Amino acid sequence: MTPDTETDEGDVRFVRQLIGLDYAVRTNPVARAFGEALAEGRITGHRCPSCGLVYVPPKGFCPICTVPTGSEHEVAIADRGIVTSWTVLTPIQYAGQEEREDYALASLLLEGADGTVGQQRLVEVALDEIRMGLRVEAVWAPEGEREPDDRGYGLGTAITGWRPTGEPDAPADAYREHVL
Amino acid sequence: MRDVAIVSFAQSGSLVGTDLSETQVILPVITEAVERAGIERSDIGFTCSGSADYLSGTPFAFVANLEAVGAWPPISESHVDMDGAWALYEAWVRLQHGDVDVALAFSSGISSRSDLGEVLCLQNDPYYLLPLWADHVSLAALQARALIDAGLATEADLAEVAARSRRAARDNPHAQVSGDVTAADMAAKPEVVAPLRAGDVPPVTDGAAAVILVAGDRARDLCENPAWIRGIEHRSDPHYLGVRDLTRSTSARLAAEAAGVGDAPIEVAELAATFSHEEIVLRQALGLGDDVEVNPSGGPLASNPMMVSGLIRIGEAFRQIDEGGRHRTLGHATSGPCLQQNLVCVLEGDS
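Sequence lines, in order, name chains A and B. Its first residue numbered 1, the first sequence is counted upward by one per residue in the working numbering. Its first residue numbered 1001, the second sequence is counted upward by one per residue in the working numbering.
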């Protein structure tokens, strides 16, 4: 409920009803292996043995072919790729908000992967210079500060951001199928 | 009405504190159900799933679960935030439309990552019961107490149900709790919430299950002994417990009447009796005589993956026809506190 205190002002009385639920998070074996590789500075994916598509992060199966994948299907993914889409966020200063300035999160198509990795921070680039096809490379967090996403959805804190490489942009054909 | 039959059933078995993601649990179960039916995934015209994201605490887990289905090219699918038995019901309704012949119903539940005593409070009304944090075991105990006070059951009756469930579960490789125990053993267990003792309360189970439904004669091509859905109905009692007579289940009785339970003898009934006393309430409500074998699988007291237990009951009722040579069986599912909502599914074999 919104009010911090019970009030008797006016005709409406409020009662605080705070609800908290505790969960145990368990990291599945595929996500755990992915996180361990990230801690060593490696990005890994799984290549589907049926259709050949490479998933990053790996899921432990191919959702198109519905066949399981495992460590035998692991492939190395480059820590560089291209921006396929992005959003500039303007942080609202609610309690707990640590962001102060506008910043950009992007979907990236990494070299060696067939799908994008979302919600990746772009750094060392002016917000109005971000574009589709922009080539970027990872800025790794120091060893020991690379906390994995415990459910295996993203890259955790292993990579603090992605900065432009300065190379010419990738052609539209490189990201046409990955703009969403 | 189109004739619709269950031709295939698969389940994960009782997972306890699994590390796997919900999707990883589901994938092999659907694959097994599809392979047992002898069909391709592309044959499936409609898919319906049942799950609750509150259990694992993963927002939109039900969307991620679709990755286990093979949803590309796009498929026709739906989801219920209920036990998979209700997903099966929706799939059965969808097959009545007549334009698709094969449907998949599946469900999953990762119960072990939350405190069910907290999470299930959130299904109570937000004004009277939720602020009391009236947990599901305490509410079940109120119902058991009402039953005993009314002279409709004794604590010894509860212990008998608990012991029989564990003994039956010895033959079920998917069971989590089983043993050669007596009612006296169960009566000696410590109380959890009086009058319910440890044996009267289900274990916490993770798991998934899947059922393939097929309309018309094609069911006979795919399965030697298809289980035809002769009646299926679900009804609900009022949400607020204070306006209900907890010693009886009106919604279960109405669902049973609508599903035609009493039209011919039932040989085996798989009941989603999550607590011992619920079996006694349900037997009375469904009009099941003493000659009806109840929960030969061990029932939810032997394995209780939330959101899956009801679908498993229907799947086990199918197995009794497909593998057990029975002719007429019943699968039951429930939802909400104290048997608030009930689904009854009557199955018949050809022979």
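Every residue, glycine too, gets a C-beta built ideally from N, C-alpha and C. Keep in mind it's a predicted model, so treat the numbers as computed, not measured.
So for residue i, helix, strand or coil by DSSP?
| i | result |
| --- | --- |
| SER1111/B | helix |
| GLY1207/B | strand |
| GLN1354/B | Beyond the ends of chain B as shown, which are 1001 and 1351, falls residue 1354/B; an answer cannot be given. |
| GLN1143/B | helix |
| PHE1106/B | strand |
| VAL1093/B | helix |
| VAL54/A | strand |
| TRP1086/B | helix |
| GLN120/A | strand |
| GLU1155/B | helix |
| HIS1136/B | helix |
| GLU178/A | Note that residue 178/A corresponds to His in the displayed sequence, not to Glu. Residue state, collapsed to three classes: helix. |
| ALA1150/B | coil |
| PHE61/A | strand |
| GLU993/B | An answer regarding residue 993/B cannot be provided, because it is not within the stretch 1001 to 1351 covered by chain B. |
| HIS1327/B | coil |
| ARG47/A | strand |
| VAL1007/B | strand |
| LEU1130/B | helix |
| THR2/A | Here the model assigns THR2/A a pLDDT of 46, short of 50, so the residue's position is not dependable, and the following value carries that caveat. Coil at THR2/A, not helix or strand. |
| LEU1272/B | One point to set straight first is that residue 1272/B is Ala, not Leu, in the sequence displayed. DSSP places ALA1272/B in coil when its eight states are reduced to three. |
| ARG1319/B | helix |
| GLY70/A | coil |
Taking the straight line between their C-alpha atoms, what separation do you get for residue i and residue j?
| i | j | result |
| --- | --- | --- |
| GLU101/A | PRO1173/B | 58 Å |
| MET1/A | ARG16/A | Low per-residue confidence applies at MET1/A: pLDDT is 39, beneath 50, and the placement is therefore not dependable, though the value from the model is reported in the following sentence. Near 6 Å, if we compare the C-alpha coordinates of ARG16/A and MET1/A. |
| HIS178/A | VAL1204/B | 42 Å |
| PRO164/A | PRO1073/B | 35 Å |
| GLY1298/B | PRO1059/B | 32 Å |
| LEU1353/B | SER1056/B | Residue 1353/B falls outside the range modelled here, since chain B spans only 1001 to 1351, and no answer is possible. |
| THR1247/B | VAL1281/B | 7 Å |
| PRO3/A | GLU1022/B | Bear in mind that a pLDDT of 46 at PRO3/A, under 50, signals an unreliable position, so the number given afterwards is only what the model happens to contain. Spanning the two alpha carbons is a distance of roughly 37 Å. |
| VAL1004/B | GLY1349/B | 12 Å |
| ASP1206/B | VAL1308/B | 9 Å |
| PRO68/A | GLY1260/B | 43 Å |
| LEU1347/B | ILE1266/B | 9 Å |
| GLU1224/B | GLY1331/B | 20 Å |
| TYR1128/B | LEU21/A | 19 Å |
| ASN28/A | SER1108/B | 16 Å |
| LEU110/A | ASP1237/B | 54 Å |
| CYS1345/B | PHE1318/B | 10 Å |
| LEU1286/B | GLU1293/B | 13 Å |
Assuming residue i and residue j are in contact, meaning their beta carbons sit under 8 Å apart, how far apart are those beta carbons, in whole angstroms?
| i | j | result |
| --- | --- | --- |
| LEU1139/B | LEU1241/B | 7 Å |
| HIS1410/B | GLN1340/B | Given that chain B is displayed from residue 1001 to residue 1351, the structure contains no residue 1410/B and the question cannot be resolved. |
| ASN1304/B | GLU1270/B | The Cβ separation is near 13 Å, so there is no contact. |
| VAL30/A | PRO58/A | 5 Å |
| VAL1201/B | VAL1137/B | 6 Å |
| LEU1196/B | ALA1144/B | 6 Å |
| TRP162/A | GLU137/A | 7 Å |
| PRO148/A | ALA158/A | 7 Å |
| LEU108/A | THR87/A | Contact doesn't hold; Cβ gap of about 13 Å is too wide. |
Name, please, each residue of chain D whose Cβ falls closer than 8 Å to the Cβ of residue i.
| i | result |
| --- | --- |
| TRP1072/B | Here the protein chains are A and B, and chain D is not one of them. |
(message) To be precise: take each residue of the segment 9 to 32 of chain A, compare its Cβ to all Cβ atoms of chain B, and keep it if any distance is under 9 Å. Which residues remain?
(response) VAL15, GLN17, ILE19, GLY20, LEU21, ASP22, TYR23, ALA24, VAL25, ARG26, THR27, ASN28, PRO29, VAL30, ALA31, ARG32
(message) I'd like the ranges of any beta strand (DSSP E) spanning at least 3 consecutive residues and lying wholly in the segment 1221 to 1268 of chain B.
(response) 1227 to 1236
(request) Kindly provide the ranges of any alpha helix (DSSP H) runs that are 4 or more residues long and lie completely inside the segment 1010 to 1057 of chain B, ordered along the chain. (result) The qualifying runs are 1022 to 1037, 1053 to 1056.
(message) Output needed in chain order: residues of the segment 57 to 81 of chain A with a Cβ under 8 Å from some Cβ in chain B.
(response) LYS59, GLY60, PHE61, PRO63, ILE64, CYS65, THR66, PRO68
(request) Can you check the segment 1170 to 1214 of chain B for any beta strand (DSSP E) of at least 3 residues that lies completely inside it and give the ranges in chain order? (result) Taking only runs of at least 3 residues, the beta strand (DSSP E) segments lying wholly in the segment 1170 to 1214 of chain B are 1191 to 1193.
(request) Could you run through the segment 1011 to 1041 of chain B and flag, in chain order, every residue whose CB is less than 7 Å away from some CB of chain A? (result) ASP1019, LEU1020, SER1021, GLN1024, LEU1027, THR1031, ARG1041
(request) Could you list the residues in the segment 1106 to 1133 of chain B with a C-beta less than 7 Å from some C-beta on chain A, going in chain order? (result) Listed in sequence order: ARG1113, SER1114, ASP1115, GLU1118, VAL1119, PRO1131.
(request) Taking only runs that begin and end inside the segment 99 to 160 of chain A, name each unbroken beta strand (DSSP E) of 3 or more residues, in chain order. (result) Segments of the beta strand (DSSP E) lying fully in the segment 99 to 160 of chain A: 103 to 110, 117 to 121, 135 to 140.
(request) Please name the residues in the segment 1314 to 1335 of chain B whose beta-carbon is closer than 8 Å to at least one beta-carbon of chain A, in chain order. (result) none
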